[in-house]
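Start counting the sequence shown at 1; every next residue gets the next number (the UniProt record's numbering). Where a beta carbon is used, it is the ideal one built from N, C-alpha and C, also for glycine. See structure below.
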Amino acid sequence: MHALVHDLAMSVSEEECLSVNFRPTSDTCKRVRHVSMSEDDLPMKGERVPEFLRQLKKVWTILFPVPGHVGTSSKSVLTACILRFKYLRVLDLSGSTFEMLPSSIGKLSRLRYLDLSKNPFIKKLPGSICNLLNLQTLLLSNCEKLRELPRDIGNLINLRTLVLTTNQMVLAGGIERLTSLRFLQVHNCSYLESLGQGIQCLTNLRMLVISNCENLKSLPPDMKCLTALKTLGISDCEKLDLMTSGGGIRGLRSVSISKASRLEALPHWLQDSANTLQSLRVKNCEDLKELPEWLQNFKLLQQLVIEYCPQLLALPQGMYHLGALRLLKIVGCSKLSERCKSNEGADWPKIAHVSKITLDGEIIASKDD
């Protein structure tokens, strides 16, 4: 566990938190609820599972991040923990190198949080993981060899957060049944070309983040069923065509687009959220040449951030219609910054009403002072 988090946890309740390098008394073991392990704490090859683990009763949390190679000893400890701690709610296996999880993990009926991120070897999840009906968070980021999600992943009816890295070309079926999902991040999927149609069924989804998917070509053509979606973030998807896909979302409040190399203009479907959008961030879009005149219709827009879009030369004529705009931030757009200089730039009359304006880190207007 990170030292700061460890110290905080220990200060909150020394009797309930246990770092494995501390050997507790049998009386203390009865009260321990949270356990942190490290590689040095694991038994050597041929040794038995540590006796103190056998003494623990109602453990709720196990932090088991083990860098480097994971051998038989750590697998035996993990299996022992799964079989013994039926009240387990949090299991952190981030950074481990398990190629396969024990199928017994499906017996952790109270598990709410499972972190398998940063595992470079895991290829498949056991089907029994779909028995974790109380699971709310599943983290699979940077599991680059993960071939697919289990067929019955839709059984996780209480799953609210899913962070996923996979080498699939299309997200597998089953995801459409994750109807409680609130947050979905699809990250670092080098082979992914399509999100599939299932994502359109996630009617409770509030935040969708897509990042580092270099071969992703399009979003679903009609996303109008995502009526709860408020935040959309897209980054580092160089082949993604935002102009011909992704339409129909009407309630967006925050949109961030970064490193979209094919983007020459803002996608027209943003207009579907003209009555709700509050924050718009555009970063590292080197081919972006203009902002549309219809941007003036975003009456609730409060933040507009433009960074490193060197071909963007001017702001739309109707910028002065954005009466709710509180922050305009421009970085790395030299010609645009020149036009926005206080009292002298050609675009200054369009933005003089904005509460706070920063150009390349310099505050040139702040009405809060």
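Coil, strand or helix - D347 by DSSP: The residue you call residue 347 lines up with position 347 of the sequence shown. Note: D347 maps to coil in three-state DSSP.
I need the DSSP call for L336, collapsed to helix, strand or coil. By 1-based counting over the sequence shown, the position of residue 336 is 336. Residue state, collapsed to three classes: helix.
Assess, as a yes-or-no matter, whether the segment 135-151 is touched by the segment 108-121 under the definition of 3 or more beta carbon pairs within less than 8 Å. yes
In the DSSP assignment, find the beta strand (DSSP E) that holds F183 and state where it starts and stops. Your numbering for residue 183 matches position 183 in the sequence shown. It spans 183-187 - the beta strand (DSSP E) in which F183 sits, taken as one unbroken run.
Under the three-state reduction of DSSP, which class applies to G198: helix, strand or coil? The count along the sequence shown starts at 1 and reaches residue 198 at position 198. Reduced to three states, the DSSP call for G198 is helix.
Can you give me the C-alpha to C-alpha distance between I157 and L312, rounded to a whole angstrom? For the purposes of this step, residue 157 is taken as residue 157 along the sequence shown, with counting starting at 1. For the purposes of this step, residue 312 is taken as residue 312 along the sequence shown, with counting starting at 1. A direct Cα-to-Cα measurement between I157 and L312 gives close to 45 Å.
Bridge partners - Y113, DSSP secondary structure assignment: Residue numbering aside, residue 113 sits at position 113 when the sequence shown is read from its first letter. Note: Y113 sits in a beta bridge opposite V90, T137.
According to the Cβ coordinates, are L162 and L181 closer than 8 Å? Locating residue 162 in the sequence shown gives position 162, counting from the first residue. Locating residue 181 in the sequence shown gives position 181, counting from the first residue. Yes, they are a contact pair.
Please check the pair residue 453 and S103, which I expect to be a contact at CB under 8 Å, by giving their CB distance rounded to whole angstroms. Nothing in the structure corresponds to residue 453, since the chain is present only between 1 and 369.
In this structure, does DSSP put D272 in helix, strand or coil? Residue 272 sits at position 272 when you count from the first residue of the sequence shown. If DSSP states are grouped into helix, strand and coil, D272 belongs with the helices.
Based on DSSP bridge pairs, tell me the residues matched to V163. Start at 1 with the first residue of the sequence shown, and residue 163 comes out as number 163. In DSSP, V163 forms a bridge with L139, Q185.
By DSSP's criteria, D222 is part of a beta bridge. Which residues make up the other side? The count along the sequence shown starts at 1 and reaches residue 222 at position 222. Answer by DSSP bridge pairing, in chain order: G247.
If I measure Cβ to Cβ from V331 and keep anything under 6 Å in the same chain, skipping five residues before and after, which residues do I get? One-based indexing of the sequence shown puts residue 331 at position 331. Correct list, in chain order: E307, D360.
Residue range of the unbroken beta strand (DSSP E) whose run includes Q296: Position 296 of the sequence shown, counted from the start, is the residue given in the question as residue 296. Counting along the chain, Q296 falls outside any beta strand (DSSP E), and DSSP gives it neither H nor E.
Using the beta-carbon count (16 or more within 10 Å), is I363 buried or exposed? Numbered from 1 along the sequence shown, position 363 holds the residue referred to as residue 363. The residue in question, I363, is exposed, as its Cβ has fewer than 16 Cβ neighbours within 10 Å.
Among R160, L178, N155, P150, which residue has its Cα nearest to the Cα of T166? To locate residue 166, count along the sequence shown from 1; it is residue 166. Out of R160, L178, N155, P150, P150 has the C-alpha closest to the C-alpha of T166.
Reduced DSSP category for G361 - H, G, I as helix; E, B as strand; rest coil: Here residue 361 refers to the residue found at position 361 when the sequence shown is read from its first residue. DSSP places G361 in coil when its eight states are reduced to three.
Say yes only if the C-beta of F298 is nearer than 7 Å to one or more non-hydrogen atoms of the ligand GTP, and no if none qualify. The model depicted lacks the ligand GTP and carries no ligand whatsoever.
Buried or exposed (CB count within 10 angstroms, at least 16 for buried), N119: Locating residue 119 in the sequence shown gives position 119, counting from the first residue. Classification of N119: buried, given that the 10 Å Cβ count is 16 or more.
Out of S337, L184, H268, L280, which has the shortest C-alpha to C-alpha gap to V209? Counting from one through the sequence shown, the residue named residue 209 turns up at place 209. Here the closest residue by C-alpha is L184.
Out of G173, L146, E144, point me to the one whose CA is closest to G154's CA. As a first step, residue 154 is located in the sequence shown; it is residue number 154 there, counting from the start. The option with the nearest alpha carbon to G154 is G173.
Taking the C-alpha atoms as reference points, what is the distance between E338 and G345? Translated into positions along the sequence shown, residue 338 becomes position 338. Translated into positions along the sequence shown, residue 345 becomes position 345. Roughly 6 Å between the two C-alpha positions.
Whole angstroms is fine: what's the gap from S117's alpha carbon to K239's? For the purposes of this step, residue 117 is identified with residue 117 of the sequence shown, where counting begins at 1. For the purposes of this step, residue 239 is identified with residue 239 of the sequence shown, where counting begins at 1. If you take the alpha carbons of S117 and K239, they lie about 26 Å apart.
Please identify the residue among G246, V90, K367 whose C-alpha is closest to the C-alpha of H268. Within the sequence shown, numbered from 1, the residue matching residue 268 stands at position 268. For the residues G246, V90, K367, the minimum Cα distance to H268 belongs to G246.
Sort M223, S94, S258, T244 by Cα distance to I234 and report the nearest one. As a position in the sequence shown, residue 234 is number 234, starting the count at 1. Of the listed residues, the one whose Cα sits closest to I234 is S258.
I'd like to check one pair, S218 with D241: are the Cβ atoms closer than 8 Å? Along the sequence shown, one-based indexing puts residue 241 at 241. Along the sequence shown, one-based indexing puts residue 218 at 218. Cβ distance < 8 Å, so D241 and S218 count as in contact.
Whole-angstrom C-beta distance between L226 and I249, which should lie under 8 Å: Locating residue 249 in the sequence shown gives position 249, counting from the first residue. Locating residue 226 in the sequence shown gives position 226, counting from the first residue. Right, their Cβ atoms sit about 6 Å apart.
Quick one: what's got a C-beta closer than 6 Å to K356's C-beta in the same chain, skipping five residues either side? Reading the sequence shown from its first residue, position 356 is the one you call residue 356. Here the set comprises L327, S366.
Go through its chain and collect everything with a Cβ distance to R206's Cβ below 8 Å, but skip five positions before and after it. On the sequence shown, residue 206 is found 206 positions in, with the first residue counted as 1. Counting only Cβ-Cβ distances below 8 Å, and skipping sequence neighbours, we find R182, F183, A228, L229, K230, T231.
Just curious, the beta strand (DSSP E) that R281 is in, first and last residue? Numbered from its first residue, the sequence shown carries residue 281 at position 281. Where R281 is concerned, the enclosing beta strand (DSSP E) stretches over 279-283.
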